[in-house]
Amino acid sequence: MPISLESFQALDDAVNRLAAESILAQPGRDDGLIPSYSLLGEIRELCVSEPGLHDALSSVHGALGLRLDAGQPFDETSLGFLKQFIAWLPDAIAAVRSGNPVAPFQGQAAATPPADQPATASASSPAAGVDSLLTLNLEEDRELLAEFYAEAVDHLQQIEAALLALEHEPGNPEALNSIFRSFHTIKGNAGFLQLMPMHKLAHEVESLLDLARSLKLQLNSNIITEILRSRDALRAQVQQVSVALETGRRPDQIIPVSHLISAVKRLAAGESVEAPPVAAAAPLPSNTPSVEPAANAAAAPAPVPPAPSVSVKSPDKTGAIASKSGGSGNATVRVNTEKLDSLMDVVGELVIVQSQLIETAREVGPASPMLQRNVTQLSRITKELQHTAMGLRMIPIKPTFQKMERLVRDLSQDFAKKVNFTNSGEDTELDRTVVEIIGDPLVHMIRNSMDHGIELPADRIRQGKAETGSVHLHAYHQGSNIVIELRDDGRGIDPDRIFQKAVEKGLIAANAVLGRDEILALIFAPGFSTAEKVTAVSGRGVGMDVVKRNIERLRGKVEISSEVGHGSIFKIKLPLTMAIIDGLVVRVGEDRFILPSTSVQMALRPARENIVTVHGTSEVLELRGRIMPLHRLHRRFGIPAQAEQPWDGIVVIVEANGKVCALLVDEMVSKQEVVIKSLGAFIQNLPGVAGAAILGDGNIALILDPGSLLQAA
Numbered sequence: 009m010p011i012s013l014e015s016f017q018a019l020d021d022a023v024n025r026l027a028a029e030s031i032l033a034q035p036g037r038d039d040g041l042i043p044s045y046s047l048l049g050e051i052r053e054l055c056v057s058e059p060g061l062h063d064a065l066s067s068v069h070g071a072l073g074l075r076l077d078a079g080q081p082f083d084e085t086s087l088g089f090l091k092q093f094i095a096w097l098p099d100a101i102a103a104v105r106s107g108n109p110v111a112p113f114q115g116q117a118a119a120t121p122p123a124d125q126p127a128t129a130s131a132s133s134p135a136a137g138v139d140s141l142l143t144l145n146l147e148e149d150r151e152l153l154a155e156f157y158a159e160a161v162d163h164l165q166q167i168e169a170a171l172l173a174l175e176h177e178p179g180n181p182e183a184l185n186s187i188f189r190s191f192h193t194i195k196g197n198a199g200f201l202q203l204m205p206m207h208k209l210a211h212e213v214e215s216l217l218d219l220a221r222s223l224k225l226q227l228n229s230n231i232i233t234e235i236l237r238s239r240d241a242l243r244a245q246v247q248q249v250s251v252a253l254e255t256g257r258r259p260d261q262i263i264p265v266s267h268l269i270s271a272v273k274r275l276a277a278g279e280s281v282e283a284p285p286v287a288a289a290a291p292l293p294s295n296t297p298s299v300e301p302a303a304n305a306a307a308a309p310a311p312v313p314p315a316p317s318v319s320v321k322s323p324d325k326t327g328a329i330a331s332k333s334g335g336s337g338n339a340t341v342r343v344n345t346e347k348l349d350s351l352m353d354v355v356g357e358l359v360i361v362q363s364q365l366i367e368t369a370r371e372v373g374p375a376s377p378m379l380q381r382n383v384t385q386l387s388r389i390t391k392e393l394q395h396t397a398m399g400l401r402m403i404p405i406k407p408t409f410q411k412m413e414r415l416v417r418d419l420s421q422d423f424a425k426k427v428n429f430t431n432s433g434e435d436t437e438l439d440r441t442v443v444e445i446i447g448d449p450l451v452h453m454i455r456n457s458m459d460h461g462i463e464l465p466a467d468r469i470r471q472g473k474a475e476t477g478s479v480h481l482h483a484y485h486q487g488s489n490i491v492i493e494l495r496d497d498g499r500g501i502d503p504d505r506i507f508q509k510a511v512e513k514g515l516i517a518a519n520a521v522l523g524r525d526e527i528l529a530l531i532f533a534p535g536f537s538t539a540e541k542v543t544a545v546s547g548r549g550v551g552m553d554v555v556k557r558n559i560e561r562l563r564g565k566v567e568i569s570s571e572v573g574h575g576s577i578f579k580i581k582l583p584l585t586m587a588i589i590d591g592l593v594v595r596v597g598e599d600r601f602i603l604p605s606t607s608v609q610m611a612l613r614p615a616r617e618n619i620v621t622v623h624g625t626s627e628v629l630e631l632r633g634r635i636m637p638l639h640r641l642h643r644r645f646g647i648p649a650q651a652e653q654p655w656d657g658i659v660v661i662v663e664a665n666g667k668v669c670a671l672l673v674d675e676m677v678s679k680q681e682v683v684i685k686s687l688g689a690f691i692q693n694l695p696g697v698a699g700a701a702i703l704g705d706g707n708i709a710l711i712l713d714p715g716s717l718l719q720a721a
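Be aware that the sequence shown starts at 9, since it is given in our numbering, and climbs by one per residue.
Quick look at the structure:
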């Protein structure tokens, strides 16, 4: 396919930048070497359809690559060779544009490094000298390292997604080119920053991918696995850069890559390598949330933490760390997360002031119509600003789903099971804090689905099922919540077996009478497991209780539905944001409380005959044939109340953790959005209380947590 008009424009721009880099380059220095190498790679990509131009570009690009690999700066000969080529390039491109043949490049290839420093090694020899600590110059290169870290995180995510796509579509040229470009960019940037272990590994993988792109090598599962392992090693080294940027502590642990380099070289030479075991997760930086002991760590890739602080512009003096993600460089901007949190705090204060002004306007009343108009206008602008600020914190759940796909792939190999992983709704956005915390619960649930749910191929065939199992992740909005649904077509959850195991472990009495939902909820009990033996993946009884605890930390809930022999569905319901909630303001005596709207089912004034006293102490409410416990909020908090009897007040029906109960209050005041405020260190972890909010009149109202409130009651 001929070069398009847009590609010619990109070529002209790249050639101009290449010429500028060569002007700044000097013999004896490496200034401009990395940018020139990267720009030549870009130009070569754009000229794939023109063999004469592409071959010349490949020759010069390879010559600079050899010098780069040997760590040699420009000398007079190599720099002259590059300038000769840059002088030839515009005429060659003009010939292609006009449809004329390209005149061959007559320059002498003298850009290779000295003979005492060979640039290549045999495919079977180990890569000596690359297993070393990353050397970081934090004093001079902090901004460059932050830029490198931010871009590397994006590229590593793209690499993993594209590799998983290639496994299903080995001939997908877009996925292959995307992986090549990502490794190429990481290689160039790592070389510029003298991160030699990363540079060497990325270079070897890039060479392997280049063979696949030129159809000299056919990708298979073993090659993809090796590239994934290389990507994981690069990710672990990128995490070391993150820790150094945040703490100032330079890497003190060597992440070995020589075995990966050797394996990649053998694959490039057509030799075979043994399929490696599924690797354990790389150690996380100290700021990454962890949900269970390391002994029970998943065989899953560790999540890469968000960038501490980055900017979108590449350093002008080098041009080395330029974005290769495609699209306009001004389309997105990276912002320090602390600034986003500060913005949300300011918007929260604005919401509070707006509520106070509304209260003032109500008191003034019709006497000042101009005040009413201004307050209405302020409310509209505040609402827009609030939604915009909340949107800045929202990120798609796609990277999390991508990690789950990788986890399913690794575990299916470990368990010798055939599984087809699919997902939908990956562009659904939710609060950054929620995304960071929800990853670990999903890992535990995927593990359980793969270990306990999906059967072995032979067992599935005996049961009349397809040999390949199915695991599906789905995310969607439901009101002010987001729902993440995990569905499999495995063996399902047997309530009878769950009940027996719970009795054996002393979690319930043998004569206990439980409904189906209550029995299924037992899998979230600490220490509960139905595994017959302990494995590296499950069986210790640590996991699902952590899932529930982390989801409850997010003010969410998890629901289970399962049919024996046909699979299970886990639904996680989460709030869209952790900063602002919709609340129902209720009054008890002189105090006001806020109930999250997502937990409230209805409110009513009960009839006297619907209230029943049990054993002379406990009270229950009978509502449409349902019996539910009744709790008086004034007794729970030890405060005086106006309504001493339920039929004199309002009963609010709330649901938490699958249980429904009634709360007695004096009055329903209003429904409004409130900004969650921390109660401080002195009264943290107060049972039944999730936080506090400042109301429009300046008073403070406690935000109730129905789950812990009912548990305490």
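C-beta: ideal position from N, C-alpha, C; glycine also. Every value quoted in this text rests on a predicted model; they were computed, and no experiment measured them.
Per-residue burial, residue i [other beta carbons within 10 Å of its own, 16 or more giving buried]
| i | result |
| --- | --- |
| residue 556 | buried |
| residue 102 | exposed |
| residue 48 | buried |
| residue 226 | exposed |
| residue 484 | exposed |
| residue 273 | buried |
| residue 10 | exposed |
| residue 257 | exposed |
Three-state secondary structure (DSSP) of residue i
| i | result |
| --- | --- |
| residue 667 | strand |
| residue 404 | strand |
| residue 190 | helix |
| residue 325 | With a pLDDT of 33 at residue 325, under the threshold of 50, the modelled position of this residue cannot be trusted, and the question is left open. |
| residue 46 | helix |
| residue 85 | helix |
| residue 265 | coil |
| residue 391 | helix |
| residue 167 | helix |
| residue 80 | coil |
| residue 615 | coil |
| residue 69 | helix |
| residue 547 | Legend: pLDDT at residue 547 = 44, less than 50; position of this residue unreliable, value from coordinates given subsequently. In the structure shown, residue 547 sits in coil (DSSP, three-state: anything other than H, G, I, E or B). |
Span of the alpha helix (DSSP H), counted from its first residue to its last, around residue i
| i | result |
| --- | --- |
| residue 500 | Note, residue 500: premise wrong, no alpha helix (DSSP H); not H, not E. |
| residue 241 | 229–255 |
| residue 558 | 552–561 |
| residue 360 | 345–372 |
| residue 211 | 204–221 |
| residue 653 | It is not in any alpha helix (DSSP H) - residue 653 carries neither H nor E in the DSSP assignment. |
| residue 432 | Residue 432 -> not in any alpha helix (DSSP H); beta strand (DSSP E) instead, spanning 427–432. |
| residue 17 | 13–32 |
| residue 528 | 524–528 |
Through-space distance from residue j to residue i, alpha-carbon basis
| i | j | result |
| --- | --- | --- |
| residue 565 | residue 603 | 16 Å |
| residue 492 | residue 510 | 27 Å |
| residue 248 | residue 204 | 14 Å |
| residue 50 | residue 500 | 51 Å |
| residue 232 | residue 191 | 14 Å |
| residue 201 | residue 403 | 30 Å |
| residue 554 | residue 598 | 38 Å |
| residue 69 | residue 252 | 33 Å |
| residue 686 | residue 615 | 38 Å |
| residue 698 | residue 591 | 12 Å |
| residue 85 | residue 235 | 36 Å |
| residue 664 | residue 608 | 9 Å |
| residue 97 | residue 498 | 60 Å |
| residue 445 | residue 396 | 23 Å |
Anticipated Cβ contact below 8 Å, residue i with residue j, distance rounded
| i | j | result |
| --- | --- | --- |
| residue 23 | residue 61 | So it is not a contact: roughly 12 Å between Cβ atoms. |
| residue 629 | residue 442 | About 34 Å; that fails the 8 Å criterion. |
| residue 170 | residue 194 | About 14 Å separates the two Cβ atoms, so there is no contact after all. |
| residue 490 | residue 438 | 5 Å |
Element boundaries [beta strand (DSSP E), containing residue i]
| i | result |
| --- | --- |
| residue 1 | Past the edges of the chain, shown from 9 to 721, lies residue 1, and the structure says nothing about it. |
| residue 438 | 437–439 |
| residue 577 | 575–583 |
| residue 140 | Looking at the DSSP string, residue 140 is not in any beta strand (DSSP E), and its letter there is neither H nor E. |
| residue 602 | 599–604 |
Any non-hydrogen atom of the ligand MG within 7 Å of residue i CB
| i | result |
| --- | --- |
| residue 370 | For the ligand MG, the structure offers nothing, since it holds no ligand at all. |
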